Amino acid sequence: MDLAEWYVAGRWTALLELIDMLPSNNRLNEAIANDPESARQLAEMSLDKDPDDEPWSPKLSEFGITEHLLREILHAIKLSGNTAIAAAGGKPGEIKPFPAPRTGIDRALEAAERDWAVGFAGLFGFDASDI
């Protein structure tokens, strides 16, 4: 693949798709983050973020067995800290797990579970706004 040929041919969509497929820790993203104008625009976008947006989660393509095991180790460390606090008579805080990748399957399962819950609550006279 010759990117210069794509540029000359005006294959902008293909170039943008290729850029979107780059891993998050690449030199292009580093250059964008260190560019003053881009950094200002990204900061403005993050301030205008809708609170109803889905929380951040890593890309599935960048989340392998190593990342999964590191996530489990981090959770175990947090849990052992809470266990030590509870053993000393304190009240441990809530453990917030590191986010895992979210896929369309996860969203479809959540939607199906919500639909089931709405239907089940409907049997008792409740509607979707009550859930």
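Here the sequence shown stands for residues 111 to 241, where the numbers follow the working numbering. All C-beta atoms, glycine included, are put in the ideal place defined by N, C-alpha and C. From a predicted model like this one, the values you see are computed outputs, not experimental measurements.
Residue i and residue j closer than 7 Å at C-beta
i    : j    : result
N192 : P207 : no
W116 : L125 : yes
I241 : A227 : yes
L152 : T213 : no
I175 : K188 : no
DSSP three-state assignment for residue i, whether helix, strand or coil
i    : result
M111 : coil
E204 : coil
K159 : coil
E164 : coil
D145 : coil
D237 : coil
G120 : coil
T213 : coil
N135 : coil
A198 : coil
K169 : coil
G229 : helix
Of the residues the options, the one placed nearest residue i, counting alpha carbons only
i    : options             : result
E172 : L233, N144 and D130 : D130
CB-CB length for residue i against residue j, believed under 8 Å
i    : j    : result
P211 : P146 : That belief does not hold up - the Cβ atoms of P211 and P146 are roughly 32 Å apart, past 8 Å.
A149 : A143 : 6 Å
P64  : P165 : Given a span of 111 to 241 for the chain in the structure shown, any question on residue 64 remains unanswerable.
Cβ-heavy atom distance, residue i to the ligand ATP, below 6 Å
i    : result
E115 : Absence of the ligand ATP is noted for the structure shown, with no ligands found whatsoever.
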